[in-house]
Amino acid sequence: MRVEPADAATRRACRDKVKRLPPSDREEHWDVKDPWPQSDGDVRTFRAGSRITVTDNDDEGSDGLVTLTSPVFTDRPTLRGARAVLTATTTLKCDAAPGLYPIYRHRPDDRHDSSNPPWARLRIAHAAPAAACSTSQATAHPSRTCEPVWPPGPRAA
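Here UniProt numbering is used: the first residue of the sequence shown is 1, the next is one more, and so on.
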């Protein structure tokens with residue numbers, strides 16, 4: 001086999017073809033026992049109405065200063081912790097449609113506009129037909145936490 005250098009037109013065509021390709025899927029799949037999120041590509045799947053715990057390893061010493069928002073959160077949780085790991089617990093809206101949702105992290109020094117990129121993402125799974133959900137009921141029981149749905153989809157009976 002003999003390899004010859006490509007001419008400029010061939011290199012340009014290849015470069016243009018690569019630019020037109022869809023972005024690669026950056027979604028990562030970590031073990032459900034690992035704190036979430038591990039990275040901005042760590043997408044976990046939950047059911048609507050679940051109470052979830054979010055973990056942040058990047059804001060050491062920022063107890064009570066960092067908040068989170070998402071279209072599927074019922075509130076604006078504040079990250080708390082005395083050590084290197086901050087956590088926040090929140091409830092997902094019962095009426096959240098299945099799909100992928102962003103989570104935004106807000107620090108005191110951040111600009112207050114919508115230009116911040118998503119800090120993490122979560123997926124809402126299809127709910128079982130008989131699974132009734134009440135966000136007010138879920139928020140009334142703060143000790144009730146939820147395990148992620150893994151693999152995505154309904155659990156076996």
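A virtual CB, placed ideally from N, CA and C, is assigned to each residue, including glycine. Since this is a predicted model, take the numbers as computed values, not measurements.
Legend entry - Check whether residue 82 and residue 124 have beta carbons under 7 Å apart: no
Inset, instruction - Could you check what DSSP says for residue 45 in three-state terms: helix, strand or coil? - result: strand
Legend entry - Integer Cβ distance of residue 89 from residue 51, believed to fall under 8 Å: 6 Å
Inset, instruction - Look up residue 95 in the DSSP assignment and say whether it is helix, strand or coil. - result: coil
Inset, instruction - Compute the Euclidean distance between the alpha carbons of residue 78 and residue 14, then round it to the nearest angstrom. - result: 47 Å
Inset, instruction - Using beta-carbon positions only, say whether residue 102 and residue 121 come within less than 7 Å of one another. - result: yes
Legend entry - Cβ shell of residue 35 (< 7 Å), same chain only, five flanking positions each side left out: Excluding positions up to five away in sequence, the list reads 55.
Legend entry - Identified DSSP bridge partners for residue 106: 67
Legend entry - Per DSSP, the bridge partner or partners of residue 56: Note: residue 56 sits in a beta bridge opposite 86.
Legend entry - Bridge-paired residues (DSSP) for residue 79: DSSP lists no partner for residue 79.
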